[in-house]
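Contents: one structure, followed by commentary.
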Amino acid sequence: MKIIDLKIKEKVYKNKKTQLSILNNLNLEVNVGEKIAIVGESGVGKSSLLNIIGLLDRDYDGEYTLFGLPTINLHTSELAKWRNEKIGFVLQESALINSLTIEDNIKLPLLYADSRKKEFNSKDFESIINAIDIQHILKKKPLECSGGEKARAVFARGIIMKPQIILADEPTASLDIENRKRIINLLFKMNKEFNTTIITVTHDLEIANRHDRVIHLERRK
Ligand SMILES: Nc1ncnc2c1ncn2[C@@H]1O[C@H](COP(=O)(O)OP(=O)(O)OP(=O)(O)O)[C@@H](O)[C@H]1O
Ligand SMILES: [Mg+2]
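In structure tokens:
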């Protein structure tokens, strides 16, 4: 079954003086439970594509059917619910809230979820924390953590809702080999156990090749 059916004619970034057109004639179809890696040089549009897939950006020329529904018809409340519960974001610019502890940051999505889902997910908290080894920073604030520790907290927050799709933008970029393994193993474990669809942007070809498909984005020639 198809979970993502996206046809982009183009995405245009407009400034006063310049206009940049990217993701030209890009078609992406993804089946439920597929693992997709997206690679391509810096500036080609990988993060822009994830923003579109994750419904953070709806300003482009194209058509997008997600979970079998044309996204053009989605209302704001549905959008917010989908983004919180069905789609897990581990994005490059994902920021933690500095006034909250790491634990509260990770549990933030639970605040907005309905109660059944909430209970269900707080059980998973422990296993996620153990799998990526961040027990020791739970009571710390983000500013007291290293870059790699923060990256792992962002990852935990992105998957705590057990979303149907995980969008990960270079989730291992700031990590050492051991922690890279932990993140990728957990990502793939979720895929295996819950059939979670995984879309990973990475510059690491070894990681890319462990996905079912690798999509190379290229500039328009
Ligand atoms: N909000 C914006 N306004 C204008 N231009 C933008 C904006 N966001 C991105 N761009 C431009 O769009 C292009 C694609 O950016 P994007 O962040 O998607 O690239 P990327 O493939 O993720 O690169 P990287 O590997 O460096 O993360 C770049 O040339 C970038 O400068
Ligand atoms: Mg990027």
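Note that our numbering numbers the sequence shown so that position 151 is 161, with each residue one more than the last.
Just so you know, even glycine gets a beta-carbon here, dropped at the ideal spot from N, CA and C.
Treat the numbers as computed from the prediction; the structure is a model and nothing was measured.
Residue of the options minimising C-alpha distance to residue i
i: K117; options: L177, L196, I193 and R167; result: R167
i: V169; options: K150, S109, T207 and I225; result: Sequence check: residue 169 is Ile here, not Val. Nearest C-alpha to I169: T207.
i: T111; options: I144, N25 and I18; result: I144
i: K172; options: V54, D222 and K133; result: K133
i: M11; options: H213, N34 and G43; result: G43
For residue i, the first and last residue of its enclosing beta strand (DSSP E)
i: K133; result: Premise fails: K133 lies in the alpha helix (DSSP H), S125 to A141, not in any beta strand (DSSP E).
i: S31; result: Q29 to I32
i: I225; result: R223 to H226
Residues that DSSP places opposite residue i in a beta bridge
i: L76; result: I14 and L79
i: R20; result: The residue you asked about is not Arg; residue 20 is Glu in the sequence shown. Paired residues: D71.
i: T210; result: A47 and A178
i: V40; result: I14
i: I97; result: I175
Beta-carbon gap between residue i and residue j smaller than 8 angstroms
i: Y122; j: N94; result: yes
i: F165; j: I187; result: no
i: L16; j: G98; result: no
i: I209; j: I175; result: yes
i: L30; j: I18; result: no
i: I193; j: R162; result: yes
i: V211; j: L60; result: yes
Range covered by the alpha helix (DSSP H) that runs through residue i
i: S87; result: T86 to K91
i: K191; result: I187 to F204
Of all residues in the structure, which have a C-beta closer than 5 angstroms to any heavy atom of ligand 1, taken in chain order? Y23, S52, G53, V54, G55, K56, S57 and S58
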